[in-house]
Amino acid sequence: MLKRILASGLALAGINAIARRAHRKGVTVLMYHGVMEDDIVLAEGDWLQVRASEFRSQMQHLCRHYRVVPLERAWEEDDGGRSRVALTFDDGYANNFRVAFPVLREFGFAATVFLVTGAIGSRRLFWFDRLQLALGGRVAPAALRRIKEDFKANVHPDAIDDAVDALLRESPSAGALPEDAVEAYRPLSEEEIREMAASGLVRFGSHTHRHEILPRLSQAEAERTLQQSLEILQTLPGYGGYFCFPNGGWRPEHLPLCRRLGFEGAVLTRPGVWKEPGDRFTIPRFGIGRGADGATFAATVSGILPRFQRMLRR
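Here it is, written out as structure tokens:
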């Protein structure tokens, strides 16, 4: 049924229009990660890295049907017109500057980038990207997902980088890191952050100091990584006051911690529309990844596709 609806453009357009009207009083927050040039083959199979052509097409759709608003001021921009969308990017890839930022500037769209502050200016790739680049295409996608999930669940964040390096050294399936991988996947530099902030379009938030998944930490460790990230963000321009839970992982005690440290809100990876302005610390987001065609993107942003997926899971 879902495939038939997506294949029927006219029916889908009507359903999406109804859903947009239904969500007019809320805010739809989208979760991106990286945006890469179409000719970079490194990212094939990497859901987190959207193609540049996909991203431009998606921004064109938003321009036609939505109002793109800053996450930090999303509830100040309710004029009763088009449904509101806020754009967010997790991790702080330099390709946000190189590829996504020119498109955002062209459309005049605001966005929030959540930075792993300990990675700013580094040319050492995130551990999950090193796994993707070394094992992607060499092991089955399901097996690669299991490897990543095993590291998240069973290795303490302090040890995860070394553990990944050890696995790759010992794995006969692992390939060498491609020469162009660093530039494609590296984190943002301070200079790039400053240029994006100077545009007035891009604000920055915390994604912890080292991309630690908070439920894997003690409360003291969680406070330390949030505090470290805040101290760095407050020395940079464009800090917007919001926090993003890495991997969407959180516990109830993390919410008062975020408030106490001075964050104004926090976003999750759980899909849904942000319906109440007072619910600022469990903001849902719809994830956008590589390979979404126009119909799939439109149905995701309207909320129709996630709703059907939940129904099918039941």
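Residue numbering for the sequence shown follows the UniProt record's numbering, starting at 1 and increasing by one per position.
Here a beta-carbon is modelled for each residue, glycine too, at the ideal position from N, C-alpha and C.
Please read these numbers as outputs of a predicted model, since none were measured by experiment.
- Along the length of the segment 152-188, whole alpha helix (DSSP H) runs at least 4 residues long occupy 160-170 and 181-185, reported in chain order.
- In its chain, beyond the 5 residues on either side, Gly34 have a beta carbon closer than 6 Å to the beta carbon of Tyr93.
- Sequence-distant Cβ neighbours of Val99 in its own chain, meaning closer than 7 Å and more than five residues away, are Val35, Met36, Glu37 and Ala52.
- DSSP, reduced to helix, strand and coil, places Thr88 within a strand of the structure shown.
- With a cutoff of 8 Å on beta-carbon distance, Arg260 and Gln49 are scored as not near each other.
- DSSP, reduced to helix, strand and coil, places Arg64 within a helical segment of the structure shown.
- Judged by DSSP in its simplified three-state form, Ser199 adopts coil rather than helix or strand.
- Within the segment 198-229, the complete beta strand (DSSP E) runs of at least 3 residues fall at 202-206.
- Exposed is the label assigned to Val41, since fewer than 16 other Cβ atoms lie within 10 Å of its Cβ.
- Contact between Gly45 and Gly137 holds, since their C-beta atoms are separated by about 6 Å, short of 8 Å.
- The beta carbon of Tyr32 sits closer than 6 Å to the beta carbons of Phe89 and Ile288 from its chain, once the five residues preceding and following it are set aside; these are given in chain order.
- Boundaries of the beta strand (DSSP E) around Gly265: Gly265 to Val267.
- Close CB contacts of Ala184 within its chain, under the 8 Å cut and outside five residues either way in sequence, are with Met36, Ile40, Leu42, Ala43 and Asn95 (chain order).
- Taking 8 Å as the cut-off, the Cβ atoms of Phe126 and Ala119 count as close.
- In this structure, DSSP gives Arg51 an extended state, which the three-state scheme calls strand.
- Per DSSP, Leu115 lies in no alpha helix (DSSP H) segment; the continuous beta strand (DSSP E) that holds it begins and ends at Ala111 to Leu115.
- Excluding sequence positions up to five before and after Ile213, its CB lies within less than 7 Å of the CB of Lys152, Pro157, Pro246, Asn247 and Gly249, all in the same chain and listed in chain order.
- For Val27, the uninterrupted beta strand (DSSP E) segment begins and ends at Val27 to Tyr32.
- The continuous alpha helix (DSSP H) containing Phe297 extends over residues Gly294 to Ser302.
- The alpha-carbon of Asp161 is positioned some 42 Å away from that of His65.
- Distance from the CA atom of Leu230 to the CA atom of Val301, rounded to whole angstroms, is 31 Å.
- Judged by their CB atoms, Pro187 and Ser122 are nearer to each other than the 8 Å cut-off.
- Between Ala176 and Pro237, the C-beta spacing is not below 8 Å.
- The secondary-structure analysis by DSSP pairs Trp274 across a beta bridge with Val27.
- Shown here, Ile283 sits in a strand according to DSSP, grouped into three states.
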